[in-house]
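**Q** Protein chains in written order, with my numbering: chain A, 15 to 351; chain B, 1398 to 1808. Even for Gly, the Cβ is constructed at its ideal location relative to N, Cα and C. Nothing here was measured: the structure is a model prediction, and the numbers come from that model.
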Amino acid sequence: MARLTMIEALRDAMDVMLERDEKVVIFGEDVGYFGGVFRCTAGLQKKYGEERVFDTPINESAIVGLGIGMAAQGMKPCVEIQFADYVYPAYDQITQEAARIRHRSNEQFSCPIVIRMPTGGGIYGGQTHSQSPEALFTHVAGLKVVQPCTPHDAKGLLITAMEDPDPVIFLEPKRLYNGPFNGDHAAPAQSWKSHPLGEVPEGHYAIPLGKARVHREGSAVTILTYGTMVFVAEAAVDSLGLDAEIVDLRSLLPLDLEAIEASVRKTGRCVVIHEATRTSGLAGEIIACVQEACFYHLEAPIMRVTGWDAPYPHAQEWDYFPGQERIRRALKTVMEA
Amino acid sequence: MSSKTRLSFAHPPARPGEQPDFSSLEIPKAGALAVPPLDVAATDCVEHANSLIRVLNDAGEPVGPWADYLGSPDADTLRTGLADMMTSRIIDTRMLNAQRQGKMSFYIQQIGEEAIGCAFRRALKPGDMNFATYRQQSLLIAGDYPLEKLLGQIYSNAYDPLLGRQLPTLHSAREHGFFTISGNLGTQYVHAVGWAMANALTGKDNLAVGWIGDGSTASNDFHTGLLSASSYWPPVILNVVNNQWAISTYTGVARGHGRTYAARALGYGLPALRVDGNDYLAVMAVTKWATERVRGGHGPVLIEWYTYRVGAHSSSDDPSAYRPKDEAKAWPLGDPIERLKQHLILRGDWSEERHVQAEARILAEIVDVQKRVEAAGTLLDPQPIPGASIFKGVYADTPEHIRRQRQEMGV
């Protein structure tokens, strides 16, 4: 088993699927000849030809809308939006079309499309290279929403997403593309190549959608999170010496309700963490689910640590990004309650 | 106010209370335009995109190069076309009445636009796919779609193939080459291009056909569809049905200072033709040309069908609030049914008497279907589809949270 970066793991997943299924096509802005602005599709056009991997005009509605037409006809498009921050021109196609075609046609047509997009901050990306728009998709019936945080999961989940019969929004935390990140921006960058979670099996393997992964077992408090915040939470927990359980949700829609409930019933305390802004963010939904199912097991109010309700800033990157210190404060509050 | 800059606001030629006025329209004589080669380039069809292809003259005779290109269709073909259009119109009339009687919630008529969908549909082959709007029910009728299903969808009862999930007239009929209609305008124009790309990539020798109205050409996805078709050159026909009105908004608002919608395609490098949409033979001839072009691998084409929306926008609309009451009667391209009927009579293949008989036969058939479908439930006599069906088909497999909601509903 080789160690790969998340970029290499994602590319490997697409390579495996292009090889296995001739109906798979890959397209988006700069994904063809150039291999993607993040190199996620490097070499694929050369290997499989322009009819399988190609460049598109700068038009997100075209990228998704063409994919929907192709998917409805029987192909398996895996398309890329260059940054999640630029998905909005395709929002009509995603929410009103891709998400609804199966239901509104009573299954005459379906839409097996994967829409990949780099997401998240912590990279001085400013307003339009840092956003976490997952709640705009988890609110839409008919979509599935996935976000991996390790190369292993990135490959396995992308393969599953590409084999799924329904539309999947596949969010890739670009802060984790090359290595894990614990929120300490002063520390030297670590590569996945020297991290055990960079171990990626060769060939085809699948990780089911809708299933969370326990990143760290514990019994004192449950942390429900995903993406970059898994590693920030882990560092915060370690620095406190706290026996916390960190659940990496991986699948944001549908949520793994059973895993969430099992962990919170065990620990009796819960903190939800995400980069996205707070109000009407996914944490609100998760907290509501926990409150409904685990109320009599709770020993403290559920807290959330999120991005602030402001557009993602540039200069104030580390005031905005929910770092270890903010997570420690929330954990102490929940543990002392 | 000394500035020389002024905004321009388009206005229709006449408003309620005024005389209909189409004197400013340029309607060229039938037979004036040549038939371009199937592989014509956008630069060589400037005239075709700005003028109007017409075959039937005022006397009902087919004239000119497009008439020659079409040849003389046999009488049965034209009589079938006439029956298709009459069926469409009778259904429209009956369904609007049923809506007024409170038997169902909503209806959209296509009166005056029947020739376009009816003649176009008869030129398609099995496996071709239409990406229609809500005003191309004629594609289903001329495609011999079972009328029980068509009406069942409108009544949202047990005959409805879509289990009551969609607003009336938002059909879906995959086996009849009819993609699921969305309420969101313009989106399907891009799907047509994507579907056509998939056909080309998988070696399927079938067409995809996009449909859009004049008002919706203003949507982002009109641009997206044209650009994508131009970028990848797939086997797609992109239709614009210009019926002069987008609900209450005069077509000039969407058209702006452009002359025609067809001409917009030329800027994308796509060939385009502009056609008299009320001339059944012109629709036949141009459809024959377009399908031969696209099936022959010469790439996409855009067609602007020039017509007039005779009815209200929908059963929820009252056009007398924004246009003259008799405007449809003044429309210079007339009525597609009357014009084909006149042509058939001129050929000696039809008569007033046969027309009256045909009308009675079609009406009886539709009344019969309507009775059967209404017996399965109307808004006045509801026989609802079980609520549990809401949860089916959101996904291929029902996830846990939806399973819990179904339990909460108690079903």
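So which residues on chain A does S1712 (chain B) lean against when the C-beta distance must stay under 7 Å?
**A** Along the second sequence, read from residue 1 onward, the residue named residue 1712 (chain B) stands at position 315. Near S1712 (chain B) there are no residues of chain A at all, since even the closest Cβ is about 21 Å away, more than 7 Å.
**Q** So, does the CB of Q1563 (chain B) fall closer than 8 Å to a CB anywhere in chain A?
**A** On the second sequence, residue 1563 (chain B) is found 166 positions in, with the first residue counted as 1. With 8 Å as the cut-off, Q1563 (chain B) counts as an interface residue toward chain A.
**Q** Taking the C-alpha atoms as reference points, what is the distance between H354 (chain A) and R66 (chain A)?
**A** No information on residue 354 (chain A) is available, as it lies outside the stretch 15 to 351 that chain A covers here.
**Q** At a Cβ cut of 9 Å, what residues of the region 1577-1594 of chain B count as close to chain A, listed as they run along the chain?
**A** T1577, I1578, S1579, G1580, N1581, G1583, T1584, Q1585, Y1586, V1587, H1588, A1589, V1590, G1591, W1592, A1593 and M1594
**Q** Helix, strand or coil: how does DSSP classify R17 (chain A) here?
**A** Here the question's residue 17 (chain A) lines up with position 3 in the first sequence. R17 (chain A): strand per DSSP, three-state reduction.
**Q** Could you give the uninterrupted runs of the beta strand (DSSP E) lying entirely in the region 43-104 of chain A, keeping only those of 3 residues or more?
**A** 67-69 and 90-94
**Q** Answer with yes or no whether the minimum CB distance from A1429 (chain B) to chain A is below 8 Å.
**A** Numbered from 1 along the second sequence, position 32 holds the residue referred to as residue 1429 (chain B). So, not an interface residue.
**Q** Should Q1802 (chain B) be labelled buried (16 or more other beta-carbon atoms within 10 Å of its own) or exposed?
**A** On the second sequence, position 405 is the one that residue 1802 (chain B) refers to. The residue in question, Q1802 (chain B), is exposed, as its Cβ has fewer than 16 Cβ neighbours within 10 Å.
**Q** Buried or exposed: which applies to L1670 (chain B), given that a residue is buried once 16 or more other Cβ atoms fall within 10 Å of its Cβ?
**A** On the second sequence, residue 1670 (chain B) is found 273 positions in, with the first residue counted as 1. Per the 10 Å Cβ criterion, buried.
**Q** Identify the continuous alpha helix (DSSP H) that holds G321 (chain A) and give its terminal residues.
**A** Within the first sequence, numbered from 1, the residue matching residue 321 (chain A) stands at position 307. Taken as a continuous stretch (DSSP letters only), G321 (chain A) belongs to no alpha helix (DSSP H), being part of the beta strand (DSSP E) at M317 to G321.
**Q** Among all the DSSP beta bridges, which residues are the ones paired with I1487 (chain B)?
**A** Here residue 1487 (chain B) refers to the residue found at position 90 when the second sequence is read from its first residue. For I1487 (chain B), which the question treats as bridged, DSSP gives no partner whatsoever.
**Q** Round the Cβ separation of T1584 (chain B) and D106 (chain A) to the nearest angstrom and send it over; I've been treating them as touching at under 8 Å.
**A** For the purposes of this step, residue 1584 (chain B) is taken as residue 187 along the second sequence, with counting starting at 1. For the purposes of this step, residue 106 (chain A) is taken as residue 92 along the first sequence, with counting starting at 1. Between D106 (chain A) and T1584 (chain B) the Cβ distance is about 6 Å, and since that is below 8 Å, they are a contact.
**Q** Quick one: complete beta strand (DSSP E) runs, 3+ long, within the region 149-192 of chain A?
**A** 158-160 and 182-187
**Q** Counting only Cβ pairs nearer than 9 Å, list the residues of chain A close to S1625 (chain B).
**A** Within the second sequence, numbered from 1, the residue matching residue 1625 (chain B) stands at position 228. Contact note: S1625 (chain B) reaches chain A through T70, P71, N73, A76, G79 and L80, using a C-beta cutoff of 9 Å and chain order.
**Q** Would you list, in chain order, the members of the region 159-180 of chain A that have their beta-carbon closer than 7 Å to a beta-carbon of chain B?
**A** Cβ contacts with chain B: P179 and D180.
**Q** Counting pairs of beta carbons, one from the region 1716-1735 of chain B and one from the region 1406-1418 of chain B, are three or more of them closer than 8 Å?
**A** Judged by Cβ distances under 8 Å, the region 1716-1735 of chain B makes contact with the region 1406-1418 of chain B, as three or more pairs qualify.
**Q** Between the C-alpha atoms of I108 (chain A) and D1473 (chain B), what's the straight-line distance to the nearest angstrom?
**A** Counting from one through the first sequence, the residue named residue 108 (chain A) turns up at place 94. Counting from one through the second sequence, the residue named residue 1473 (chain B) turns up at place 76. When rounded, the distance between both Cα atoms is 45 Å.
**Q** Along the chain, which unbroken stretches of the alpha helix (DSSP H) at least 4 residues long are found entirely within the region 1535-1619 of chain B?
**A** 1544-1552 and 1584-1598
**Q** Indicate whether the contact test is met: 3 or more Cβ pairs, each with one atom in the region 23-31 of chain A and one in the region 162-170 of chain A, closer than 8 Å.
**A** yes
**Q** Which residues, taken in chain order from the region 265-286 of chain A, show a beta carbon closer than 9 Å to some beta carbon of chain B?
**A** Among the residues of the region 265-286 of chain A, those with a Cβ less than 9 Å away from any Cβ of chain B are L267, P268, L269, D270, L271 and E272, in the order of the chain.
**Q** In angstroms, rounded to a whole number, what distance separates the CA positions of S1628 (chain B) and P71 (chain A)?
**A** Along the second sequence, read from residue 1 onward, the residue named residue 1628 (chain B) stands at position 231. Along the first sequence, read from residue 1 onward, the residue named residue 71 (chain A) stands at position 57. Each residue's Cα considered, the two are about 8 Å apart.
**Q** With distances taken Cα to Cα, identify the nearest neighbour of E1701 (chain B) among B:S1420, B:Q1563 and B:G1610.
**A** Working through the second sequence from its first residue, we reach residue 1701 (chain B) at position 304. The shortest C-alpha separation from E1701 (chain B) is found at B:G1610.
**Q** Between which residues of its own chain and D270 (chain A) is the CB-CB distance below 7 Å, once the five residues before and five after are set aside?
**A** Against the first sequence, residue 270 (chain A) aligns to sequence position 256. Only G224, K225, A226 and L263 meet the Cβ criterion.
**Q** To the nearest angstrom, report how far apart F151 (chain A) and V101 (chain A) are at their CA atoms.
**A** Residue mapping note: residue 151 (chain A) aligns to position 137 of the first sequence, counting from 1. Residue mapping note: residue 101 (chain A) aligns to position 87 of the first sequence, counting from 1. The alpha-carbon atoms of F151 (chain A) and V101 (chain A) are separated by roughly 11 Å.
**Q** Measuring only the C-alpha atoms, how far is R1661 (chain B) from A1595 (chain B)?
**A** The count along the second sequence starts at 1 and reaches residue 1661 (chain B) at position 264. The count along the second sequence starts at 1 and reaches residue 1595 (chain B) at position 198. Cα atoms of R1661 (chain B) and A1595 (chain B): separation of roughly 25 Å, rounded to the nearest angstrom.
**Q** Would you mind telling me which residues of chain B sit closer than 7 Å to H117 (chain A), beta carbon to beta carbon, in chain order?
**A** On the first sequence, residue 117 (chain A) is found 103 positions in, with the first residue counted as 1. Simply R1562, G1790 and V1791.
**Q** Go through its chain and collect everything with a Cβ distance to E64 (chain A)'s Cβ below 8 Å, but skip five positions before and after it.
**A** Translated into positions along the first sequence, residue 64 (chain A) becomes position 50. Cβ neighbours of E64 (chain A) beyond the five flanking positions: G46.
**Q** In chain B, what lies closer than 7 Å to D106 (chain A) by C-beta?
**A** What you label residue 106 (chain A) is simply residue 92 of the first sequence in a count that begins at 1. Near D106 (chain A) (Cβ distances below 7 Å), the residues of chain B are N1581 and T1584.
**Q** Starting from E1797 (chain B), find everything on chain A with Cβ-Cβ shorter than 9 Å and list it in chain order.
**A** Walking along the second sequence from the start, residue 1797 (chain B) turns up at place 400. Ordered by position in chain A, the residues that pass the 9 Å Cβ test against E1797 (chain B) are G224, P268, L269, D270, L271 and E272.
**Q** Could you check whether G1674 (chain B) and T1704 (chain B) sit closer than 8 Å to each other, using their CB atoms as the reference points?
**A** Here residue 1704 (chain B) corresponds to residue number 307 of the second sequence, with the count starting at 1. Here residue 1674 (chain B) corresponds to residue number 277 of the second sequence, with the count starting at 1. Yes.
**Q** For R283 (chain A), which of A:D257, A:G295 and A:N73 has the nearest alpha-carbon?
**A** Stepping through the first sequence from its first residue, residue 283 (chain A) is reached at position 269. Of the listed residues, the one whose Cα sits closest to R283 (chain A) is A:D257.
**Q** With 7 Å as the C-beta to C-beta threshold (strictly closer), list the residues of the region 1627-1651 of chain B near chain A in chain order.
**A** S1628
**Q** If you pair each beta-carbon of the region 1482-1490 of chain B with each one of the region 1502-1515 of chain B, do three or more pairs fall below 8 Å?
**A** yes
**Q** Helix, strand or coil for P1783 (chain B), going by three-state DSSP, please let me know.
**A** Taking the second sequence and counting its residues from 1, one reaches residue 1783 (chain B) at position 386. P1783 (chain B) falls in the coil class under three-state DSSP.
**Q** Using a Cβ-Cβ cutoff of less than 6 Å, which residues in the same chain neighbour P325 (chain A) once the five nearest sequence positions on both sides are dropped?
**A** Numbered from 1 along the first sequence, position 311 holds the residue referred to as residue 325 (chain A). Only Q141 meet the Cβ criterion.
**Q** According to the neighbour-count rule (16 or more other Cβ atoms, all chains shown, within 10 Å of its Cβ), is N1494 (chain B) buried or exposed?
**A** In the second sequence, the residue the question calls residue 1494 (chain B) occupies position 97. By the neighbour-count rule (16 or more Cβ atoms within 10 Å), N1494 (chain B) is not buried but exposed.
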